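Numbering (this note's numbering), first residue to last: 379 to 497.
Every residue, glycine too, gets a C-beta built ideally from N, C-alpha and C.
None of these values were measured; they are calculated from a predicted model.
One structure is given below, encoded as structure tokens.
Structure follows, in structure tokens:
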């Protein structure tokens, strides 16, 4: 895993237990999952808008910044639910040599066949 993601994971866990008056991350955890999800949704919208702007202007700075904000808030969400970025990295690693179309078909097949899900 990228060093900055590892460092951020550690900091997020530390800040989770901090004083909500002193830490933005602690404040998000204190306000609960719905507040965290609201932030993830806001950041996702900002990424979409920045991507549209970048397509027109060719300037990706805002897109990169907004993507970093989205990743950060997704990491807070994962932390709140007992996961972390390593879980996502492991999932991506498992998918690495699998065609996206094959992977999607496998998920669709399992969803449409309840007995297959039990295997």
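>> Looking at residue 418: is its Cβ nearer than 7 Å to the Cβ of residue 458?
In response: To locate residue 418, count along the chain shown from 1; it is residue 40. To locate residue 458, count along the chain shown from 1; it is residue 80. When the beta-carbon positions are compared, residue 418 and residue 458 stay at least 7 Å from each other.
> Within 10 angstroms of its Cβ, does residue 428 collect 16 or more other Cβ (buried), or is it exposed?
Replying inline: Sequence index remark: in the chain shown, residue 428 carries index 50 (1-based). Buried: at least 16 other Cβ atoms inside 10 Å.
>> Please state the DSSP three-state secondary structure of residue 410.
In response: Against the chain shown, residue 410 aligns to sequence position 32. Residue state, collapsed to three classes: coil.
> Of the residues 444, 391, 470, which one's Cα is nearest the Cα of residue 404?
Replying inline: The sequence position of residue 404 within the chain shown is 26, counting from 1. That would be 391, whose Cα lies nearest to the Cα of residue 404.
>> Is the separation between the beta-carbon of residue 406 and that of residue 395 shorter than 7 Å?
In response: By 1-based counting over the chain shown, the position of residue 406 is 28. By 1-based counting over the chain shown, the position of residue 395 is 17. No, Cβ-Cβ distance for residue 406 and residue 395 is not below 7 Å.
> Roughly how many angstroms lie between the CA atoms of residue 465 and residue 456, to the nearest whole one?
Replying inline: Reading the chain shown from its first residue, position 87 is the one you call residue 465. Reading the chain shown from its first residue, position 78 is the one you call residue 456. Between residue 465 and residue 456, the C-alpha separation is close to 9 Å.
> So what does DSSP say about residue 465, is it helix, strand or coil?
Replying inline: The count along the chain shown starts at 1 and reaches residue 465 at position 87. Here residue 465 sits in helix by DSSP.
> Along the chain, where does the alpha helix (DSSP H) that runs through residue 385 open and close?
Replying inline: The residue given as residue 385 occupies position 7 in the chain shown. Counting along the chain, the alpha helix (DSSP H) containing residue 385 begins and ends at 381-394.
> In angstroms, rounded to a whole number, what distance separates the CA positions of residue 381 and residue 463?
Replying inline: Looking up residue 381 in the chain shown gives position 3. Looking up residue 463 in the chain shown gives position 85. Answer to the nearest angstrom: the Cα atoms are 12 Å apart.
> Ordered along the chain, which non-local residues of its own chain (more than five positions away) have a Cβ less than 8 Å from that of residue 448?
Replying inline: Numbered from its first residue, the chain shown carries residue 448 at position 70. The answer, listed in chain order, is 418, 421, 422, 424, 425.
>> Helix, strand or coil, according to DSSP, for residue 438 in the structure here?
In response: Position 60 of the chain shown holds residue 438. Residue 438: coil per DSSP, three-state reduction.
>> Considering only their Cβ atoms, is the gap separating residue 446 from residue 438 smaller than 7 Å?
In response: If you number the chain shown from 1, residue 438 lands on position 60. If you number the chain shown from 1, residue 446 lands on position 68. No, the pair does not count as a contact, with Cβ atoms beyond the cut-off.
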